[in-house]
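Contents: one structure, followed by commentary.
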Amino acid sequence: MTTDSPAGPGGSSASGTQPKTTTKAILVSIVAAVGGFLFGFDSSVINGAVDALNNQFGLTNSPLLAGFTVACALLGSAVGAWFAGPVADRYGRVRVMLIAAALFAISSIGSGLAFAVWDLIIWRILAGVGIGIASVIAPAYIAEIAPAHIRGRLGSLQQMAIVLGIFVALLSDALLAGVAGGAANEFWIGLEAWRWMFLVGVIPSVIYAVLALRIPESPRYLVAKGELEKAGQVLHSVEESRSPESVQRKITEIAESLRRDVKPSLRDLTGQRFGLKPIVWVGILLSVFQQFVGINVIFYYSTTLWQAVGFSESDSFTASVINGLINVLSTIVAILIVDKVGRRPMLLAGSIGMTITLGVMAVAFSQAVPTVSESGEATVGLPGAWGPIALVAANLFVVSFAITWGPVVWVLLGEMFPNYLRAAALAVAAAAQWIANFLITVTFQSLADVGLTLAYGLYTLFALLSFIFVYKAVAETKGKELEEMVA
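Here the sequence shown stands for residues 1 to 487, where the numbers follow our numbering.
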């Protein structure tokens, strides 16, 4: 199939020069990625409030309920992701962004003013719905608005926004707790600092809504709704090098790719292989493997993890900050290389790196020996060089993930599906990702109680399986137009 884009399969024009990258394409992609910032911010902001709200609501003796209070947002995320696609196909990508922004703002206020644990759980689940919607709509919109030759880089903005959201949430928590003298202490107008940790989420929510109102609707959604002239205007605004004839051919091509089903829904995903189309299973398994390698254990439990093997509290906090910084820097590298190296080679390399580093961590944790702290408390530690080895391996694991599986999976999910089922398939894949995230989050403590070697041994196995899966099932999408994608 030939494309009408100025870019050929490799991302270059017929004359051998790169198509012109417009500022508009970059700016609207950045705005869409702000949803990823809220995603990262809202999923991590509770970290600084855990101990304070446990005391506030008497959860110190109910670890299961306390854990569910933290993890329940992930269940809401699965729900939000599941329904985001069909809703976006019916009402448009931009309107769904506004819905997500509203859910973020409402849940931030509700969580900050919560008066009981069940009340907080409701608001956290609502926040999760917003997170799930953002996890679907941002990569879908960016993939549909971005020129093919830079789609990978712009799609990677989603992951960059997520890691920045995580970092800002942790920084905000630390500043509020520091000024108040503790998360449980009163900060302003009689409200404790932990409540303000949630309340400040209103600010990025409002910013997201205001920015979303200033970006155009996806041209592929507009074509699906019969607004061909408007779709052409959007295409020309983000790819100014297109001639009027090229724009018209592109509109025709999009319409032909959508004609297979004028009313996209989750029913479009059904197939003969275990009830779903093969490409949908590829998306689901990409999402599951992204989480089953245990990356969120590093970001959710890193301080607890390092303390469990003998690091002091301050050293554990420092190690966690280093992990976060490395995550951000590695994501920048991914953005710079994804359209040059390609999606499939990056995933394969990442799987190899994660398998090796997770395996080293599993071996290191197997060397833990009982020790006694200065206060006389029985604990464990890593003798000799095993502590530094585990720390270096953990950071290299973050590098391996953040350069490859972190951003590349989001890029693929945004572009790998055919037009007529993209939003619905992305919704299912993202829902699977949140469920996998929930399972890893709630099982880590139980696995760690048996032994960290068991936990990281399992993550090593999943990393190895991810290599086999990508090698056998994942196709390259670098430089291809979305209209070339098949089920």
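Cβ atoms here follow ideal geometry from the backbone N, Cα and C, with glycine treated the same way.
Starting from W410, trace the alpha helix (DSSP H) both ways and give me its first and last residue. Per DSSP, W410 belongs to the alpha helix (DSSP H) from 406-415.
Check for me: the alpha helix (DSSP H) holding E144 runs from which residue to which? Taken as a continuous stretch (DSSP letters only), the alpha helix (DSSP H) holding E144 covers 117-145.
The segment 210-220 contacting the segment 24-34, beta-carbon criterion three pairs below 8 Å: A contact is defined here as three or more CB-CB pairs under 8 Å, and the segment 210-220 meets this definition with respect to the segment 24-34.
Sequence-distant residues of its chain with Cβ nearer than 8 Å to L235 (five each side left out): Sequence-distant partners of L235 (beyond 5 residues in either direction) whose C-beta falls short of 8 Å from its own C-beta, in its chain, are P219, R242, V247, K250, I251.
Roughly how many whole angstroms lie between the Cα atoms of L228 and M416? Whole-angstrom Cα-Cα distance: 24 Å.
Does the pairing of the segment 126-139 with the segment 423-442 give three or more beta-carbon distances under 8 Å? Contact holds: three or more Cβ-Cβ distances are below 8 Å.
Look up W194 in the DSSP assignment and give the residues it is bridged to. In the DSSP output, where bridge partners are listed per residue, W194 has none listed.
How would you label K277, buried or exposed, when you count the other beta carbons within 10 angstroms and need 16 or more for buried? Buried: at least 16 other Cβ atoms inside 10 Å.
If you drop the 5 nearest sequence neighbours on each side, which residues of the same chain put their C-beta closer than 7 Å to that of V79? Taken in chain order, the residues that qualify are V129, G132.
By how many angstroms is the C-alpha of S43 removed from the C-alpha of L164? So the two alpha carbons sit approximately 12 Å from each other.
Thinking A105 and S205 are a contact (beta carbons under 8 Å), I'd like their distance in whole angstroms, please. Indeed, because the Cβ distance is near 4 Å, the residues count as touching under 8 Å.
Quick one: what's got a C-beta closer than 7 Å to V262's C-beta in the same chain, skipping five residues either side? With a pLDDT of 46 at V262, under the threshold of 50, the modelled position of that residue is not reliable, and the figure given next carries that caveat. Counting only Cβ-Cβ distances below 7 Å, and skipping sequence neighbours, we find nothing.
Check whether A362 and T443 have beta carbons under 8 Å apart: Taking a C-beta distance under 8 Å as the contact criterion, A362 and T443 do not qualify as a contact pair.
8 Å contact criterion, which A127 and G76 should meet: CB distance rounded: The pair is a contact, with the Cβ atoms about 7 Å apart (cut-off 8 Å).
Let's test the definition: count the other Cβ atoms within 10 Å of the Cβ of V441 and tell me whether it reaches 16, buried, or not, exposed. For the record, residue 441 in the displayed sequence is Thr; it is not Val. By the neighbour-count criterion, in which a residue is buried when 16 or more other Cβ atoms sit within 10 angstroms of its Cβ, T441 is buried.
Who are the Cβ neighbours of A334 in its own chain at under 6 Å, not counting the five residues just before and after it? In chain order, S156, I403, P407 place their CB closer than 6 Å to the CB of A334, counting only its own chain and leaving out the 5 sequence neighbours on each side.
DSSP-derived helix/strand/coil call for L447: Three-state DSSP puts L447 in a helix.
Measure the CB-CB distance between A71 and F438 and report whether it falls below 8 Å. Taking 8 Å as the Cβ cut-off, A71 and F438 qualify as a contacting pair.
So, with DSSP's three-state summary, where would you put V200? Here DSSP, grouped into helix, strand and coil, assigns V200 to coil.
Look up E496 in the DSSP assignment and give the residues it is bridged to. Look at the range of the chain in this structure, 1 to 487, and you will see that residue 496 is not part of it.
Determine the burial state of G388: buried for a count of at least 16 other Cβ atoms within 10 Å of its Cβ, exposed for fewer. Sequence inspection shows Pro at residue 388; the Gly mentioned does not correspond to that position. P388 is exposed by the Cβ-count criterion.
Taking the alpha carbon of G414 as the point to measure from, which residue in L65, R95, L286, G226 has its own alpha carbon closest? When the alpha-carbon of G414 is set against those of L65, R95, L286, G226, the nearest one is in L286.
For M97, tell me which candidate among Y141, S366, V238, G201 has the shortest Cα-Cα distance. The shortest C-alpha separation from M97 is found at Y141.
Is the number of C-beta pairs between the segment 177-187 and the segment 107-121 that are closer than 8 Å three or more? Touching, no.
Determine the DSSP secondary structure at L176, reduced to helix, strand or coil. Reduced to three states, the DSSP call for L176 is helix.
Restricting to runs no shorter than 4 residues, where is the alpha helix (DSSP H) found entirely within the segment 40-91? If one requires a minimum length of 4 residues, the alpha helix (DSSP H) runs lying completely within the segment 40-91 are 50-56, 63-91, in chain order.
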